[in-house]
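Same order as they appear, the protein sequences are chains A and B.
Be aware that the first sequence starts at 1, since it is given in this note's numbering, and climbs by one per residue.
Be aware that the second sequence starts at 305, since it is given in this note's numbering, and climbs by one per residue.
Using N, Cα and C, we set each Cβ at its ideal position, and we do this for glycine too.
Worksheet for the structure shown next.
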Amino acid sequence: MKPVIQAIGLQKSYGGHRVVDGLDLSIRKGECFGLLGPNGAGKTTTLRMLLGLIAPDAGSAMLLDLPVPQAAREARIRVGVVPQMDNLDPDFTVAENLLVYGRYFGMKDAEIEARIPSLLEFASLTNKRDAKVPTLSGGMKRRLTLARALVNDPDVIFLDEPTTGLDPQARHLIWQRLHTLTQQGKTLLLTTHFMDEAERLCHRLAVMDNGKLISQGSPRELIEQNIEPQVVEVFGETSGQWASEHAAKYAQRFEVSGESVFCYVRDAQPLVAHLQAQSELRYLHRPANLEDVFLKLTGREMRE
Amino acid sequence: MSIFAFPQLSLRFLPIWRRHWLVWKKIAAPSILGHLADPVIYMLGLGYGLGSLLPEMGGMSYMAFLAAGTVCYSTMNSASFEALYSGFARMHEQRTWEAILNTPVGLDDVVLSEILWAATKSLMSGTAVLVVIWVLGLSNSLMSLWMIPLALLIGLAFASIGLIMTALAPAYDFFMYYFTLVITPMMLLCGVFFPVTQLPESMQVVASLLPLTHAIDLARPLMNGDIPPQTLMHVGVLLVYTLVAFYVSLVLFRRRLSR
């Protein structure tokens, strides 16, 4: 089957700095695909090139079988976008935001009006229909932004950090809705740096750093391919000293971060038995997760 | 597409224009008051106050002289404020453009809608001032109806010029330069308050290059019921300002938003 979104050798530089560096990507119909990476990895620039908003310096992109940016206008008729920062119309009510946005797709007012009730229901905003945007909570604004992205009943939805800045309740509601969309057969491409979000929602993921894809696969594959299956975190004032003396004996790999030591192991039993005898240290034994993979691939140092 | 490509114009600007119209309708009353208060107070204050000291100016009462200039400068102001402050808010602060550009509507359509909307505001403010002038009996010629399309043309020219500043602006403060170095001098040099011929020769040359001079050279005879001398040349200058500034602003916006 042909991919819905495809990138071949995409490249983009700003002021001599290569933000996206030879990116290949292929996203299938009905898939929820996550683009992960630290700040500045090139995720948003990648989305903007795939949407045809900016032209790549090299490489090519296809969106819904159309070349972008050349045929971006035609492709975007069937695309919805949830941007990183809210850009709802503050002067308008919830319903007016949907009406005005639908017109940009060339939809007739009657056609949009007919869709508004189901969009509001999907966004749990039915009783906020006539509320002005500034009176909405952060979660409501995000849901309205999502509803607005669906006004044209798109086949593909781009979501740039859809839950950044939301409280846990609001995030869970968004996740539920995104899950519903994938069940309806929509293709989702989202960027995030929440690993639990990626693990929960995405069928496949790609980790980006410095403009390059450094690993891709299902969440489980990424964990299996990149990291030992068990993690033992060791805490305590003497953890650093303990690590230098003992960690290498028990762990295939370990990292010291402040007063914590992260030990990556295939079999945790010998290490756990050893730690039980160390009264000054506390420890946590857990299966490896996506965050461990992410930190291994992109490093622990801050990106600013 | 190169940033220098020819503008791609289409009717897709229309839904954006309707968006601006819907916003404006919500604040119509204070907006109309704003369009009217400032120019009418200037016209009446100077017209009565200064006019009583002057016998005549340009063959008419000072108030009537002032009326033509007032329509033109209030039209210039409303297009400029809309293109600079409101345009910048939509592009930068509210990210309205960003939302629109994610749809099949393109940047050329967005810029065109900004120009046409700012010109619409000019049309409204020019007409509002004109109505006051008619009510006061300062102009009673049918020729003064030509002021309505002229207000639109002045609006197009100043909206296009203003958008160049919006495309370059890092923040709102930047617009002070434009208002103090461009708009205010035009108001004082282009014949709003006194005939340009009163200025020294060199300043007259400068004034003749400025768009507001040409707008007023058209407006004053029209208000008085005469056909303006050199109509085509004046209209041509305003059109050239519009088209060139539209293209320059479009190139600048393409450059700004391509990153």
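If you draw a straight line from the Cα of residue 436 of chain B to the Cα of residue 374 of chain B, it comes to about 11 angstroms. In the DSSP assignment, residue 96 of chain A falls within the unbroken alpha helix (DSSP H) covering 94-103. A direct Cα-to-Cα measurement between residue 249 of chain A and residue 38 of chain A gives close to 32 angstroms. With a cutoff of 8 angstroms on beta-carbon distance, residue 321 of chain B and residue 384 of chain B are scored as not near each other. Listed along the chain, the chain A residues whose CB falls inside 8 angstroms of the CB of residue 327 of chain B are 89, 91, 92.
Going by DSSP, residue 235 of chain A is part of the beta strand (DSSP E) stretching over 230-235. By the criterion of a C-beta distance shorter than 7 angstroms, residue 429 of chain B is surrounded in its chain by 339, 378, 379, 382, once the five residues flanking it on both sides are discounted. Residue-level contact by beta carbon holds for residue 409 of chain B and chain A, with a gap shorter than 8 angstroms. In chain order, 406 make up the part of chain B whose C-beta sits under 8 angstroms from the C-beta of residue 51 of chain A. CA-CA distance, residue 279 of chain A to residue 166 of chain A, rounds to 39 angstroms.
Annotation: residue 445 of chain B to residue 438 of chain B spans about 9 angstroms, alpha carbon to alpha carbon. Counting only runs of 4+ residues, the alpha helix (DSSP H) found wholly inside the segment 465-492 of chain B occupies 479-482, in chain order. The segment 98-116 of chain A makes no contact with the segment 193-202 of chain A, as fewer than three CB pairs between them are under 8 angstroms. The C-alpha of residue 202 of chain A is placed about 13 angstroms away from the C-alpha of residue 29 of chain A. Chain-ordered, the chain B residues with CB closer than 7 angstroms to the CB of residue 100 of chain A read 323, 326. When only Cα atoms are considered, residue 135 of chain A and residue 18 of chain A end up about 41 angstroms apart. A Cβ-Cβ distance of about 11 angstroms is found for the pair residue 144 of chain A and residue 87 of chain A, leaving them out of contact under the 8 angstroms criterion. Using a Cβ-Cβ cut-off of 8 angstroms, residue 319 of chain B counts as an interface residue toward chain A, since at least one Cβ of chain A sits closer than that to its own. Chain-order list of chain B residues neighbouring residue 96 of chain A: 326, by C-beta distance under 9 angstroms. Taking the C-beta atoms as reference points, residue 49 of chain A is found nearer than 8 angstroms to residue 12 of chain A.
Chain order gives the chain A residues near residue 330 of chain B as 91, where near means a beta carbon separation below 7 angstroms. Counting of Cβ neighbours within 10 angstroms places residue 468 of chain B among the buried residues, the total reaching 16 or more. Per DSSP, residue 163 of chain A lies in no beta strand (DSSP E) and is assigned neither H nor E. The distance from the Cβ of residue 447 of chain B to that of residue 363 of chain B is about 15 angstroms, inconsistent with a contact at the 8 angstroms cut-off. Taking a contact to require three or more Cβ pairs closer than 8 angstroms, the segment 103-112 of chain A and the segment 125-140 of chain A do not qualify as touching.
DSSP, reduced to helix, strand and coil, places residue 298 of chain A within a helical segment of the structure shown. The DSSP-derived three-state label of residue 292 of chain A is helix.
Contacts between residue 562 of chain B and chain A, judged by CB atoms closer than 9 angstroms, involve 53, 54, 55 in chain order. Look at residue 387 of chain B: its C-beta is not under 8 angstroms from any C-beta on chain A.
The C-alpha of residue 408 of chain B is placed about 35 angstroms away from the C-alpha of residue 481 of chain B.
The DSSP assignment places complete alpha helix (DSSP H) segments of no fewer than 4 residues inside the segment 389-429 of chain B at 400-405, in order along the chain. For residue 399 of chain B, the closest Cβ of chain A is nearer than 8 angstroms. For residue 83 of chain A, the CB contacts under 6 angstroms within the same chain, skipping 5 residues up- and downstream, are 160 in chain order. Judged by beta-carbon spacing, residue 432 of chain B lies beyond the 8 angstroms limit of residue 459 of chain B, meaning their Cβ atoms are not closer than that value. Between residue 171 of chain A and the set A:183, A:142, A:148, A:181, the nearest pair of CA atoms involves A:142. Shown here, residue 442 of chain B sits in coil according to DSSP, grouped into three states, outside any helix or strand.
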